[in-house]
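Chemist:
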Amino acid sequence: MTLLSSSRPRTADRAPQVVAARHPWRWVATAVVLVLLAQLAHGLVTNPGWDWPTFAGYFFEKSVLNALLVTLELTVAGAVLGFLGGIVLAAMRLSPNPVLHAVSWTYTWVFRSVPLIVQLLFWANLGYLYDTLQFGVPFGPGFAEVETLHLVSSFGAALLGLALHEAAYAGEIVRAGIISVDQGQREAAAALGIPRGRQFRRILLPQAMRAILPAAANELVNLLKGTSVVYVLAIGELFYQVQVVYGRSGRVVPLLMVATVWYVVLTAVLSILQYYVERRFARGALRTLPPTPWQRLRAAVTK
Amino acid sequence: MSHPMLEVRGVHKHFGTQEVLHGIDLTAETGSVTVVLGPSGSGKSTLLRCVNHLEKVDSGQVRVDGELIGYRQSGDRLHELSERHILRQRAGIGFVFQNFNLFPHLTALENIAEAPIAALRRSPSEAHGYARELLDRVGLADKASAYPRQLSGGQQQRVAIARALALDPKLVLFDEPTSALDPELVGEVLDVMRGLARTGTTMVVVTHEIGFAREAADTVVFLDAGRVVEQGPPAQVLDAPRHDRTRAFLSKVLT
Ligand SMILES: Nc1ncnc2c1ncn2[C@@H]1O[C@H](COP(=O)(O)OP(=O)(O)OP(=O)(O)O)[C@@H](O)[C@H]1O
Ligand SMILES: [Mg+2]
Chain A
355 MTLLSSSRPR TADRAPQVVA ARHPWRWVAT AVVLVLLAQL AHGLVTNPGW
405 DWPTFAGYFF EKSVLNALLV TLELTVAGAV LGFLGGIVLA AMRLSPNPVL
455 HAVSWTYTWV FRSVPLIVQL LFWANLGYLY DTLQFGVPFG PGFAEVETLH
505 LVSSFGAALL GLALHEAAYA GEIVRAGIIS VDQGQREAAA ALGIPRGRQF
555 RRILLPQAMR AILPAAANEL VNLLKGTSVV YVLAIGELFY QVQVVYGRSG
605 RVVPLLMVAT VWYVVLTAVL SILQYYVERR FARGALRTLP PTPWQRLRAA
655 VTK
Chain P
179 MSHPMLEVRG VHKHFGTQEV LHGIDLTAET GSVTVVLGPS GSGKSTLLRC
229 VNHLEKVDSG QVRVDGELIG YRQSGDRLHE LSERHILRQR AGIGFVFQNF
279 NLFPHLTALE NIAEAPIAAL RRSPSEAHGY ARELLDRVGL ADKASAYPRQ
329 LSGGQQQRVA IARALALDPK LVLFDEPTSA LDPELVGEVL DVMRGLARTG
379 TTMVVVTHEI GFAREAADTV VFLDAGRVVE QGPPAQVLDA PRHDRTRAFL
429 SKVLT
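If you want it as structure tokens, here you go:
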């Protein structure tokens, strides 16, 4: 009794100190990675083949910036049209109507099978298949006629091809999101008498977005780079333009780097955007949202 | 002519080749509490789901407050109503699910206010005001802005009950509201339900909580293999059951 009471107080009023576990292998791995990175950077700077002055001269050059704009236009328009089409395709595929279901299935099958580059060439050569397009009663008389060449410019053909191609993939992404929502959600909404359209908009879609967003962002990045394929239609997007420039000057590597760095920058912007949009839709799905990198940095600095 | 709040007559339902309900008859007077008991797979959930037309009946009729649910009768034919019409009928019938089915991306308050805004076209401020009142009634006034995953199971089910009440339903159906809950959380949900029973809400409750049936029910219905085996006041069905199957079931539940 006396022994215990004399030795207790010291340990009781001072809680044992926490010592974090040490990870020596982490330091080794870090050192290895840093050495490799340093070697890579050294090569990039010292090898004259990269020709950084030419790179710098063309990075903000006017024709390159204009081409960048075309790439962005194709990406944004392709994504918007593609995802609108995708929502329709997903709704058709999930509908109980067997005809709508089959049409959606067939569309997806066909447009996922045909390589984008082949499809683009088809659209560009539409005028070869049909001289004129007629608007009117199906199989009946027509009201208006247009020459196909006027209707489908090469930019139009490119956008059409990208959007149709994109819709097939977007349809599957949207469908994946919708079927990932628990059936009880729709049932609860139906039991509350919430109208169909609002069930979809307010209950199903926001929850489906959690599954849709990462896949959709992936697809958007794919599309951004996929626009480089339309160079086959001689449209002045980024990749086509750098080809034009190095065709004249012969400086292939620095100009490919110009295009590469722009694609990397745009993808970075998309990825940051994705992070915040996903966070927005995570509300309620996680008990507490993790801090953003910015919040983490501020917390670390002010600590 | 006065009519019961709920009238189920000759309801048959099958899934594939399996007949799940073999002609169910059931009535519940306005303001009454009906407890439905029965072994697993006896068709209790199916019966409740037929009442608000989440499942279509094969034959028979369901009437709530005298109105035929899901169909319009002309002569001796029943025509299924349009979805819009059915949704409107459902707005008058509350449903509380075993696993809550709260909308996880909406706060407790938004969960409750959603249906009045969507189905009754209430203004958001009015709907939110009423939602706060209901949250207060289920004892969760301080949880208005919590998301369902931030609530305990018992709290979630109380929000779900408030959500079912938000449309001022004539009838509230409960499908095993406490069987997904830890034992210590069952009491708080049953308390809310007892409160509702006292204020005259017409309720049909599927539950295995015999204690609740004994003190709150006006009628206890025992269902087995898709048939009503026995029904009557709790004192009769629970304490002096006439059928062997009821007795066998009760002896299992009570031990
Ligand atoms: N959608 C469905 N498709 C096929 N069979 C079903 C379906 N829903 C229910 N059943 C079957 O109908 C029978 C009755 O099911 P129900 O869910 O109504 O039982 P229950 O009495 O609620 O059981 P529990 O107490 O386990 O909830 C079961 O045999 C079940 O397998
Ligand atoms: Mg059940």
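One line per chain: the protein sequences are A and P, in this order.
Our numbering numbers the first residue of the first sequence as 355 and each following residue consecutively.
Our numbering numbers the first residue of the second sequence as 179 and each following residue consecutively.
Beta carbons are placed, not taken as given, at the ideal position from N, Cα and C, and that holds for glycine.
Predicted model, so just to flag it, every value in this text is computed and none were measured.
#1: Would you call P/I247 buried or exposed, if buried means 16 or more other Cβ atoms sit within 10 Å of its Cβ?
#2: Under the DSSP definition of a beta bridge, which residues are partnered with P/Y249?
#3: Whose Cβ in chain A lies nearer than 9 Å to the Cβ of P/F273?
#4: Name the residues in the stretch 258-270 of chain P whose C-beta lies less than 9 Å from a C-beta of chain A; which are they?
#5: Anything with a beta carbon under 5 Å from a heavy atom of ligand 1 counts; list them all in chain order.
#6: Using a cut-off of 8 Å between C-beta atoms, extract the partners of A/A639 located in chain P.
#7: Any Cβ of chain A within less than 7 Å of the Cβ of P/N289?
#8: P/T424: buried (16+ other C-beta within 10 angstroms of its C-beta) or exposed?
#9: So does the stretch 211-225 of chain P actually touch the stretch 182-200 of chain P, counting three or more Cβ pairs closer than 8 Å?
#10: For P/L345, does the three-state DSSP call read helix, strand or coil?
#11: Can you give me the C-alpha to C-alpha distance between A/A445 and A/R550, rounded to a whole angstrom?
#12: Just reading off the beta strand (DSSP E) that P/T380 is part of, what are its end residues?
#13: Do we get a CB-CB distance below 7 Å when we pair A/G538 with the residues of chain P?
#14: If you drop the 5 nearest sequence neighbours on each side, which residues of the same chain put their C-beta closer than 7 Å to that of A/L609?
#15: Would you please verify whether the beta carbon of P/A403 is less than 7 Å from any beta carbon of chain A?
#16: Which of helix, strand or coil does DSSP assign to A/R550?
#17: Scan the stretch 621-650 of chain A and note each continuous beta strand (DSSP E) run of 3 residues or more that stays entirely inside, going in chain order.
#18: Which class does A/L357 belong to by DSSP, given the choice of helix, strand or coil?
#19: Give a yes or no on whether the minimum CB-CB distance between A/R555 and chain P is below 7 Å.
#20: Less than 7 Å between CB atoms is the rule here; does A/R634 satisfy it with respect to chain P?
#21: List, in order along the chain, the chain P residues whose C-beta lies closer than 8 Å to that of A/P549?
#22: Looking at P/A286: is its Cβ nearer than 7 Å to the Cβ of P/P294?
#23: Could you check the C-alpha separation between P/H421 and P/V399 for me, to the nearest Å?
#24: Quick one: which chain P residues come within Cβ less than 8 Å of A/P560?
#25: Between A/R368 and chain P, is any beta-carbon pair separated by less than 7 Å?
Modeler: So, from the listed chains and residues:
#1: buried
#2: P/E258
#3: E541, A542, A545 and L546
#4: E261, R262, I264, L265, R266, Q267, R268, A269 and G270
#5: P/F193, P/V198, P/S218, P/G219, P/S220, P/G221, P/K222, P/S223 and P/T224
#6: P282, H283 and R327
#7: no
#8: buried
#9: yes
#10: coil
#11: 12 Å
#12: T380 to V384
#13: yes
#14: Y412, V596, V599 and Y600
#15: no
#16: helix
#17: none
#18: Since pLDDT at A/L357 reaches only 47, below the 50 mark, its modelled position is unreliable, and the value read off the structure follows with that caveat. Here A/L357 sits in helix by DSSP.
#19: no
#20: no
#21: R262, L265, A296 and A297
#22: no
#23: 12 Å
#24: H283
#25: no
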